[in-house]
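Below: the structure, in C-alpha cells.
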C-alpha cells in the first residue's frame, strides 16, 4: 500500500532513498504528519499537514497563513529536525493545493510536534490568494567555542550535535556555511587535529559546493580532524554612525575611523 515501503524524498527533481541512520518509531511517525513542499530542501517550502481531521482519507491539507504563527513555525522546524524558523511568509512557495486545514494552530512553542498543539474551536472555509503558509527553517548548523556565534568549531545536528570533519576545505566551502548562518563572508577555515579521534560528521566538499542542504552532506565516522571556521560577522554586529562627514565603524570593540574623500584609516579621536 502507499503506507508501507521504502522511504524516499524528492530533492532537486530526483527521488532518492532516505538513509536509515538513527531512526526510531517516533521519527517515522513524523514523516506522515507534517511536511514542507516545493522548497529547496526538507527545511523549506509550503506547509502541509496530514491527520484524521481531514475528511479526505490519506491526503495532505494546506494551511492558511492566518492560522499559523511564529510559535507554530518553531514547532514545525523542530519536528523536521531543522534549525529555528528564519522566514515565515504567505505565498512564498505557491498557492494552496488540495484540501485546506480548517483550524488555527495555537502552539506555545515548546511542543515536539505540530499536531500536539492546541487548535481553535472555530473553523475556516476560505483563504485569500497568496496566503498559503510558507516556511523556511534555518539549517541545524552552528559555530561554537569562538569569540562570537560567527566563529568557532563547526557542528551539525543530524539526530545529535557533532563536530564536523573534512578534508580539502577552502574559503569557498566555508563561505557556504557563513552564508547559511547569516554571518557574512568567510575569513578563514582550519582543519584542526585533535589528540584523540572522536565521533564526527564527515562533510564532503563536492556536496557542499552542489548547493545541497548541509545536513544532507554528512556521514558518521570517527576522526582526529575537525573544522574551525571564522566568518566576518553578522550585519547587526556592525554599527555605522555618520556625523560631520566622518564615519565611525564600531565592530568587536575596535574603532576604525575613516575620513570621507581620502578614506585613510586613523587611530586618533
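In UniProt numbering, the protein residues as written are 1 to 269. By construction, the Cβ of each residue, glycine as well, lies at the ideal position given by its N, Cα and C atoms. Small disclaimer: the values here were computed from a predicted structure and weren't measured.
Which residues DSSP lists as bridging residue 87, in chain order: Residue pairing by DSSP puts residue 87 in a beta bridge opposite 136.
Strand pairing of residue 222, partner residues [DSSP]: 199
Endpoints, beta strand (DSSP E) assigned at residue 155: 151–157
First through last residue of the beta strand (DSSP E) which encompasses residue 38: 34–38
Residues that residue 142 bridges to, as DSSP identifies them: 155
Nonlocal neighbours in the same chain, by C-beta distance under 6 Å from residue 272, ignoring five residues either side: The structure shown has nothing for residue 272, since the chain only spans 1 to 269.
Candidates 205, 106, 226, of which the one nearest residue 118 by Cα: Nearest of 205, 106, 226 to residue 118, Cα basis: 106.
8 Å contact criterion, which residue 208 and residue 173 should meet: CB distance rounded: Between residue 208 and residue 173 a beta carbon distance of about 5 Å is seen, short of the 8 Å cut, so the two are scored as contacting.
Among 71, 75, 69, the one whose alpha carbon lies nearest that of residue 35: Residue 75 holds the alpha-carbon nearest to the alpha-carbon of residue 35 among 71, 75, 69.
Continuous beta strand (DSSP E) stretch holding residue 48: start and end: For residue 48, the enclosing beta strand (DSSP E) covers residues 44–49.
Closest residue to residue 104 among 110, 133, 89 (Cα-Cα distance): 133
Residue 177, DSSP secondary structure in three states: helix
Close beta carbons around residue 55, own chain, < 6 Å, minus the five adjacent residues each side: With a pLDDT of 47 at residue 55, under the threshold of 50, the modelled position of that residue is not reliable, and the figure given next carries that caveat. Answer for residue 55: no residue qualifies.
6 Å CB neighbourhood of residue 244 in its chain, flanking five on each side removed: Low per-residue confidence applies at residue 244: pLDDT is 36, beneath 50, and the placement is therefore not dependable enough to give any value.
Whole-angstrom distance between residue 153 and residue 195, CA atom to CA atom: C-alpha separation (whole angstroms): 15 Å.
Strand pairing of residue 228, partner residues [DSSP]: 153, 190
Residues near residue 89 by beta carbon distance below 7 Å, same chain, minus five either side: 134
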